[in-house]
Every structure is written in C-alpha cells, then in structure tokens.
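When the sequence shown is numbered by this note's numbering, its final residue is 391 and no position is left out of the sequence of numbers.
One structure below.
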Amino acid sequence: MNLFNYKHLALIAAFVTALWACSGGGTDNPTPVNPTDQAGSNRKAMLTNIADNIILPSYANFKTKLDGMLIKSDAFTAKPDKTTLADFRQAWVEAYTEWQKVELFDVGPAEQYTLRNFFNIYPTNAAGIEEYITAGTGALDVASSYPKQGFPALDYLLNGLGTTDDAIVARYTTAPDAAKRIAYLKRLTTQMNTQFTTVYSAWTTGYRDTFIDCTALNAGCSTSKLVNSYVLNYERYIRSGKFGIPSGAMTNGTVAPGTVEGLYKKDISRMLAQTAHQASVDFFNGKSVKTGEEGPSLKSYLNALGTKDGSQGTLVTTLINNQFTAITQQLATLKPNLYNEVQTNNAAMVETYTQMQKITRMLKVDMTTAMSITITYTDNDGD
C-alpha cells in the first residue's frame with residue numbers, strides 16, 4: 009500500500025472518530041451518523057418547531073378565545089338582552105378569527121375527530137337549524153348536521169334572526185320557541201367546547217411526541233399528512249370556499265354571494281380570509297406564534313434541498329413567498345364585505361381566486377414534488 013493510501017486511511021479514521029464523538033459515542037445506545045439522513049434530521053427539526061412553536065401555542069390562543077366566547081354565551085343565555093348579545097357577538101368574532109389560524113392543522117387528532125366539521129362548514133343550513141330548534145332534538149355528530157352548528161350557525165343565531173338587536177333578542181325572550189332556541193344555542197357551544205377539548209387534550213397528552221417522531225416521508229407519517237392537510241386547506245377552504253365558489257370562478261360564472269363566510273355578519277368576511285391566508289404564510293415560513301421568529305419550516309426544508317425553479321434558477325421558496333405577497337396585496341384591494349363585493353366588484357373577487365390558484369399550483373406541485381410527497385386527497389378542479 010503506498011503512502012497516498014495510508015494518508016487517506018488516516019484521514020478517514022480521524023473523520024469517523026470525530027463523527028463518533030459528535031454523535032455521543034460514549035452513550036450506551038449511540039446514534040450512528042449517516043450523511044444521507046440529513047433530510048430526516050431536517051424533518052425532525054421542522055416537525056418539532058411546528059408542534060412547539062406553531063400548533064400548540066395556536067391551539068392555546070384559540071382555547072383562550074373559545075373560553076371567552078363560552079363565558080359570554082352563558083351570560084347571554086342566562087339573561088338575553090342587547091348588552092349580553094353584543095358581548096356574545098364580539099366574543100364570537102374574536103373566536104371565529106382565531107379559528108382561522110388553527111383550521112389548517114387538520115392532522116392527527118383534528119383529522120381523527122373531524123374538528124373542522126363541527127366548527128366551520130358554511131353556508132350554514134338555517135332551515136335545518138330551525139327544524140332542530142322546533143324538534144328540540146337532533147343529532148350533531150352526523151354529516152347532515154355539520155352545516156347546522158359551529159361558527160356559521162352562531163352567525164345565523166346572533167346576527168341573522170332580525171334586522172335589529174331588539175328583534176334578535178325577542179327571539180330568545182318572547183317568541184314561542186325562545187326556550188328551545190336558548191337550549192339549542194347551549195348545545196352548539198357545548199359541542200364546540202367538547203370537540204376542541206378532545207383534540208387539544210390529545211396533543212398535550214402524547215400526540216405531540218408521536219407527531220415529531222414520525223419523520224419518514226410515507227403517507228402515514230407526519231410530514232406527508234401535514235403537507236397534505238396544509239395544501240388542502242389552502243386549496244379547498246381558502247381559495248375555493250372563500251373566493252372561488254362565491255365569485256363564480258369555479259361555477260362557470262354563476263355567482264353565489266350567499267355562500268360567503270360570515271354571511272350574516274357580513275363586514276368580517278374579508279378579515280376572516282386575510283387571517284386564514286396570513287396563517288398559511290406564517291406556517292410556510294415557520295414563524296413562531298410566541299416570538300414571531302422563523303424556525304425550521306417548509307421553507308427551510310425546501311431551501312436545504314436546494315429546490316429551484318427550472319426556468320428561472322430562483323429558489324422555489326422565493327417564488328412562493330412572492331406569490332403569497334401578491335395575494336396579500338390583492339386581498340387588501342377588497343372591501344370588508346365580500347357579500348357586497350361579489351355583487352358590485354366581482355372582478356376583484358375573481359382576481360383574488362386567480363392569484364390563489366397560482367400559489368395552489370406552487371404548493372401542490374412544485375413543493376410536494378421537491379419534497380417527494382404524494383398528494384393523497386382529490387379535488388375536481390383540474391389541479
């Protein structure tokens with residue numbers, strides 16, 4: 009063996025020794041260092057940051073707002089008047105807004121218990137709600153009941169029963185079915201509290217560790233489930249639900265203003281959309297809910313993979329964030345009442361959908377391809 013080979017053996021031995029030392033070689037169960045496992049390490053860091061600095065604190069913030077709404081609900085049902093109605097309504101707006109920041113976490117317990125179905129299926133079924141109130145009963149855990157509960161149902165019950173607060177309060181005080189209406193309101197808030205408590209408790213009593221430990225890329229592990237739920241939420245519940253369907257962009261031009269989110273408290277519809285969009289932006293960039301700083305994320309993971317656009321040679325994350333910014337700017341051109349925008353300024357609504365369609369393709373195709381993740385859900389709009 010010549011001197012050249014001896015030198016290389018020495019260098020290799022030194023390198024292995026250094027790796028052994030860095031990996032905790034003195035422990036009983038040393039972790040071997042494999043350079044090809046760097047992507048897995050990045051996923052572990054990403055999942056940890058997402059769990060500890062985004063999902064869990066977002067759920068905690070939502071719990072605070074939901075608890076506040078429950079208190080105001082109890083005060084209203086105990087003494088329905090214009091003051092308690094206004095307080096309940098304001099707490100509902102705050103909780104509904106905060107919901108937009110957690111709806112995208114449809115993974116793990118939220119997926120298992122179909123949390124979204126109990127919180128935000130719209131447009132609400134007002135006729136179905138009235139049937140349940142008249143009957144004094146009705147299952148809340150079947151698919152047909154989902155549009156009869158959650159924030160959209162509360163929107164109807166707090167804002168849609170009359171043109172004045174006096175008229176709405178009368179439905180809970182002097183109307184023949186007032187007692188049944190109060191009882192139904194209590195059922196809805198109790199159901200929301202029960203469903204969310206189940207999901208949040210699962211996260212804080214074991215699922216957090218399960219989530220960050222499942223670092224493989226197969227369909228059953230966290231990264232794949234997380235990315236699928238994230239892209240699905242933006243595609244189906246932000247792009248389509250908030251803009252594509254109401255504007256008619258997805259229905260051959262047939263506008264449907266009655267399908268906007270926040271139908272009865274119409275001046276919050278843009279705010280809800282802006283909040284949901286920004287939550288998606290912050291999630292992509294790994295922005296900590298607690299500190300506002302960026303940590304390991306979908307963006308940093310894609311950057312570690314060196315993913316660039318083939319034609320421009322630009323980092324895909326730069327293109328994605330540029331498109332997110334374009335959408336933020338487009339949303340700002342809309343007036344707060346999207347119900348009216350569909351009827352008087354629908355071209356801007358359609359343009360918002362168009363801009364969201366661009367980011368959907370980037371997330372659903374460019375991002376998932378780079379990450380070797382298979383989209384496991386189906387949509388019927390050709391994406």
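Every residue, glycine too, gets a C-beta built ideally from N, C-alpha and C.
How many Å lie between N42 and G228 at the Cα?
Here residue 42 refers to the residue found at position 34 of the sequence shown. Here residue 228 refers to the residue found at position 220 of the sequence shown. For N42, the predicted structure reports a pLDDT of 34, less than 50, and the residue's modelled location is therefore unreliable. A value from the coordinates is still provided. Their Cα atoms are separated by approximately 24 Å.
Per the contact definition of three or more C-beta pairs closer than 8 Å, is the segment 71-83 in contact with the segment 101-116?
Yes, the segment 101-116 touches the segment 71-83.
Given this structure, state the Cα-to-Cα distance separating K366 from V101, to the nearest angstrom.
Position 358 of the sequence shown, counted from the start, is the residue given in the question as residue 366. Position 93 of the sequence shown, counted from the start, is the residue given in the question as residue 101. Between K366 and V101, the C-alpha separation is close to 30 Å.
Give me the Cα-Cα distance between D60 and D114, rounded to the nearest whole angstrom.
On the sequence shown, residue 60 is found 52 positions in, with the first residue counted as 1. On the sequence shown, residue 114 is found 106 positions in, with the first residue counted as 1. Each residue's alpha carbon lies about 16 Å from the other.
Less than 6 Å between C-beta atoms, sequence neighbours within five positions excluded: which residues of the same chain meet that for L257?
As a first step, residue 257 must be located in the sequence shown, where it is residue number 249. It is Ala, not Leu, that sits at residue 257 in the sequence shown. Excluding sequence neighbours, A257 sits near V358, Y361.
Within the same chain, show all residues whose beta-carbon is closer than 8 Å to that of L166, passing over the 5 residues directly before and after it, in chain order.
Sequence index remark: in the sequence shown, residue 166 carries index 158 (1-based). Counting only Cβ-Cβ distances below 8 Å, and skipping sequence neighbours, we find L93, F96, R97, W100, I176, Y272, K273.
Sorted by chain position, which residues of the same chain lie with C-beta nearer than 6 Å to G158's C-beta, five sequence neighbours on each side aside?
The count along the sequence shown starts at 1 and reaches residue 158 at position 150. Excluding sequence neighbours, G158 sits near F126, F127, N128.
Return the bridge partner residues of E302 from the DSSP annotation.
One-based indexing of the sequence shown puts residue 302 at position 294. Answer by DSSP bridge pairing, in chain order: K295.
Go ahead and label G266 buried or exposed: buried means 16 or more other beta carbons lie within 10 angstroms of its beta carbon, across all protein chains shown.
Residue mapping note: residue 266 aligns to position 258 of the sequence shown, counting from 1. It is exposed - the Cβ of G266 has fewer than 16 other Cβ atoms within 10 Å.
Quick check on Y169: does DSSP put it in helix, strand or coil?
As a working mapping, residue 169 is identified with position 161 in the sequence shown. The amino acid at residue 169 is misidentified as Tyr; the sequence shows Leu. It is coil, neither helix nor strand.
Looking only at its chain, what residues have a beta carbon closer than 7 Å to the beta carbon of A378, apart from the 5 residues adjacent to it on each side?
One-based indexing of the sequence shown puts residue 378 at position 370. Cβ within range, chain order: L310, L313, T315, V324.
Run through the DSSP bridge pairs and tell me what K316 is partnered with.
If you number the sequence shown from 1, residue 316 lands on position 308. Note: K316 sits in a beta bridge opposite L323.
Using the rule of at least 16 other Cβ atoms within 10 Å of the residue's Cβ for burial, across every protein chain shown, is R247 buried or exposed?
For the purposes of this step, residue 247 is taken as residue 239 along the sequence shown, with counting starting at 1. By the neighbour-count rule (16 or more Cβ atoms within 10 Å), R247 is buried.
For P65 versus V207, is the C-beta spacing smaller than 9 Å?
What you label residue 65 is simply residue 57 of the sequence shown in a count that begins at 1. What you label residue 207 is simply residue 199 of the sequence shown in a count that begins at 1. Contact flag unset, no.
Can you tell which of K52, T333, A143 has its C-alpha closest to the C-alpha of D185?
Counted from its first residue, the sequence shown places residue 185 at position 177. Of the listed residues, the one whose Cα sits closest to D185 is A143.
Whole angstroms are fine: how far does the CA of L193 sit from the CA of L240?
Taking the first residue of the sequence shown as 1, we reach residue 240 at position 232. Taking the first residue of the sequence shown as 1, we reach residue 193 at position 185. Cα to Cα, L240 sits roughly 31 Å from L193.
Using the beta-carbon count (16 or more within 10 Å), is R124 buried or exposed?
Translated into the one-based positions of the sequence shown, residue 124 becomes position 116. Its Cβ being crowded by 16 or more others within 10 Å, R124 is buried.
Just to confirm, are I276 and K307 a CB contact at a threshold of 9 Å?
Position 268 of the sequence shown, counting from 1, holds the residue named residue 276. Position 299 of the sequence shown, counting from 1, holds the residue named residue 307. Going by C-beta atoms, I276 is not nearer than 9 Å to K307.
Quick one: using the 10 Å Cβ neighbour count with 16 as the cut-off for buried, is V373 buried or exposed?
Residue numbering aside, residue 373 sits at position 365 when the sequence shown is read from its first letter. Exposed, because fewer than 16 other Cβ atoms sit within 10 Å of the Cβ of V373.
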